[in-house]
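A.B. asks: If you scroll down you'll find the structure; I have some questions about it.
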Amino acid sequence: MTDVAADPVHAFIAKTVEENPVVLFMKGTPDAPRCGFSSVVVQILDHVEAPFVGVDVLQDEELRNGIKTYSDWPTIPQLYVKGEFVGGCDIVREMFQSGELKPLLVEKGVVSA
Amino acid sequence: MKTEAPVAQAIRDKLQAAFQPHRLEVIDDSRRHAGHAGAREGGESHFNVVIEASIFEGLSRVERQRRVNRALKEELAGPVHALSIKALAPGEA
Numbered sequence: 001m002t003d004v005a006a007d008p009v010h011a012f013i014a015k016t017v018e019e020n021p022v023v024l025f026m027k028g029t030p031d032a033p034r035c036g037f038s039s040v041v042v043q044i045l046d047h048v049e050a051p052f053v054g055v056d057v058l059q060d061e062e063l064r065n066g067i068k069t070y071s072d073w074p075t076i077p078q079l080y081v082k083g084e085f086v087g088g089c090d091i092v093r094e095m096f097q098s099g100e101l102k103p104l105l106v107e108k109g110v111v112s113a
Numbered sequence: 114m115k116t117e118a119p120v121a122q123a124i125r126d127k128l129q130a131a132f133q134p135h136r137l138e139v140i141d142d143s144r145r146h147a148g149h150a151g152a153r154e155g156g157e158s159h160f161n162v163v164i165e166a167s168i169f170e171g172l173s174r175v176e177r178q179r180r181v182n183r184a185l186k187e188e189l190a191g192p193v194h195a196l197s198i199k200a201l202a203p204g205e206a
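These protein sequence lines are chains A and D, in that order.
Every letter in the first sequence is one number past the one before it in the working numbering, and letter 75, counting from 1, is 75.
Position in the second sequence (first residue = 1) + 113 = the working numbering.
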């Protein structure tokens with residue numbers, strides 16, 4: 001992570017993940033994902049009944065690049081829970097399939113058991 | 114050994130050199146994404162990688178994938194639109 005204060009896009013991301021318990025940086029919106037990988041994560045979050053905020057990186061080229069440097073992660077989607085980077089599509093899917101995702105969300109207090 | 118397309122070969126070579134994996138599968142999944150955003154003519158845009166290496170032992174999922182992404186930085190910045198990674202330590206399913 002770089003110096004947040006020095007970069008307005010990073011500052012926006014930091015504020016967003018701080019103010020919202022579950023944030024998905026994605027292509028398109030939760031109702032209309034514009035990428036299969038983003039769509040998978042939306043479906044998983046809906047399935048585990050996790051309320052989340054979707055941020056469409058396609059609306060802003062600086063955000064689309066900024067989220068990659070902020071997370072040190074080259075791809076979209078990216079899931080944040082309580083300010084912490086959880087992973088992209090592969091990791092979220094793996095954690096869902098292995099049964100680890102829901103307990104994590106419960107432990108973080110964003111989903112009821 | 115069958116000859117691989119250039120991007121698949123580059124992915125394989127770089128992962129081999131970076132991680133000395135016990136197991137490495139590089140699968141070109143581009144056909145399934147033909148016509149989608151980011152799909153290129155001639156394929157080689159979407160890949161699935163399964164890699165098993167001792168170096169991943171004790172590392173989180175995020176850290177494993179970061180290392181793989183780092184090794185394939187040039188490919189991700191260029192021809193590869195999507196890369197699905199399963200990074201395992203020896204003995205993991």
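In this text, a Cβ means the ideal position worked out from N, Cα and C, and glycines have one as well.
A quick note: this is a predicted structure, and the numbers were derived from the prediction, not measured.
Since Ala195/D meets chain A, which of its residues come closer than 8 angstroms, beta carbon to beta carbon?
C.D. replies: As a working mapping, residue 195/D is identified with position 82 in the second sequence. In chain order: Phe37, Thr75.
A.B. asks: Can you pull out the residues from the region 39-59 of chain A whose beta carbon lies closer than 9 angstroms to at least one beta carbon of chain D?
C.D. replies: none
A.B. asks: Beta carbons nearer than 8 angstroms to chain D: which residues of the region 91-106 of chain A have them?
C.D. replies: Ile91, Glu94, Met95
A.B. asks: Starting from Ser197/D and walking both ways along the beta strand (DSSP E), at which residues does that stretch end?
C.D. replies: If you number the second sequence from 1, residue 197/D lands on position 84. Run containing Ser197/D: 195-201, per the beta strand (DSSP E) assignment.
A.B. asks: Buried or exposed, going by whether 16 or more other CB atoms sit within 10 Å of the CB of Ala130/D?
C.D. replies: The residue labelled residue 130/D in the question sits at position 17 within the second sequence. Its Cβ having fewer than 16 others within 10 Å, Ala130/D is exposed.
A.B. asks: Should Asn182/D be flagged as near chain A, meaning a C-beta pair shorter than 7 angstroms?
C.D. replies: Numbered from 1 along the second sequence, position 69 holds the residue referred to as residue 182/D. For Asn182/D, the answer is yes, since a Cβ of chain A falls inside 7 angstroms of its Cβ.
A.B. asks: By the 10 Å Cβ neighbour count, where 16 or more other Cβ atoms means buried, how is Lys15/A classified, buried or exposed?
C.D. replies: Sequence index remark: in the first sequence, residue 15/A carries index 15 (1-based). Exposed, by the Cβ-count rule.
A.B. asks: Does Gly109/A pass the burial test, meaning 16 or more other C-beta atoms within 10 Å, or should it be called exposed?
C.D. replies: Residue numbering aside, residue 109/A sits at position 109 when the first sequence is read from its first letter. With a 10 Å radius around the Cβ and a threshold of 16 neighbouring Cβ atoms, Gly109/A comes out exposed.
A.B. asks: Please classify Val110/A: does DSSP put it in a helix, a strand, or coil?
C.D. replies: Along the first sequence, one-based indexing puts residue 110/A at 110. In the three-state scheme derived from DSSP, where H, G and I count as helix and E and B as strand, Val110/A is classed as coil.
A.B. asks: Use the C-beta contact count for Glu18/A: other C-beta atoms within 10 angstroms, 16 or more gives buried, fewer gives exposed.
C.D. replies: Numbered from its first residue, the first sequence carries residue 18/A at position 18. Burial call: exposed.
A.B. asks: So is Arg145/D in contact with chain A if we call contact Cβ pairs under 7 angstroms?
C.D. replies: By one-based count along the second sequence, residue 145/D stands at place 32. Not an interface residue.
A.B. asks: Any Cβ of chain A within less than 7 angstroms of the Cβ of Val175/D?
C.D. replies: One-based indexing of the second sequence puts residue 175/D at position 62. So yes, Val175/D belongs to the interface.
A.B. asks: Taking Leu101/A as the reference, which of Asp72/A, His47/A, Trp73/A has the closest Cα?
C.D. replies: Here residue 101/A is taken as the residue at index 101 of the first sequence, counted from 1. Checked all of Asp72/A, His47/A, Trp73/A; the closest Cα to Leu101/A is His47/A.
A.B. asks: Starting from Arg174/D, follow the alpha helix (DSSP H) in both directions and report where the run begins and ends.
C.D. replies: Here residue 174/D is taken as the residue at index 61 of the second sequence, counted from 1. Element bounds for Arg174/D: 174-184.
A.B. asks: Tell me the rounded alpha-carbon separation between Glu142/D and Ile13/A.
C.D. replies: Locating residue 142/D in the second sequence gives position 29, counting from the first residue. Locating residue 13/A in the first sequence gives position 13, counting from the first residue. Just to set this straight, residue 142/D is Asp in the shown sequence, not Glu. Distance between the alpha carbons of Asp142/D and Ile13/A is about 32 angstroms.
A.B. asks: So does the region 25-45 of chain A actually touch the region 61-77 of chain A, counting three or more Cβ pairs closer than 8 angstroms?
C.D. replies: yes
A.B. asks: Report the partner residues of Arg136/D according to the DSSP bridge assignment.
C.D. replies: Your numbering for residue 136/D matches position 23 in the second sequence. The partner list for Arg136/D (beta bridge, DSSP) reads Glu165/D.
A.B. asks: For Arg34/A and Val111/A, what's the separation of their Cα atoms in angstroms?
C.D. replies: Here residue 34/A refers to the residue found at position 34 when the first sequence is read from its first residue. Here residue 111/A refers to the residue found at position 111 when the first sequence is read from its first residue. Roughly 26 angstroms separates the two Cα atoms.
A.B. asks: Quick check on DSSP: helix, strand or coil for Val22/A?
C.D. replies: Within the first sequence, residue 22/A is the residue found at index 22, counting from 1. Val22/A falls in the strand class under three-state DSSP.
A.B. asks: Using 10 angstroms around the beta-carbon of Ala6/A, count the other beta-carbons present and answer buried if the total reaches 16, otherwise exposed.
C.D. replies: For the purposes of this step, residue 6/A is identified with residue 6 of the first sequence, where counting begins at 1. By the neighbour-count rule (16 or more Cβ atoms within 10 Å), Ala6/A is not buried but exposed.
A.B. asks: Roughly how many angstroms lie between the CA atoms of Phe169/D and Ala200/D, to the nearest whole one?
C.D. replies: The sequence position of residue 169/D within the second sequence is 56, counting from 1. The sequence position of residue 200/D within the second sequence is 87, counting from 1. Spanning the two alpha carbons is a distance of roughly 7 angstroms.
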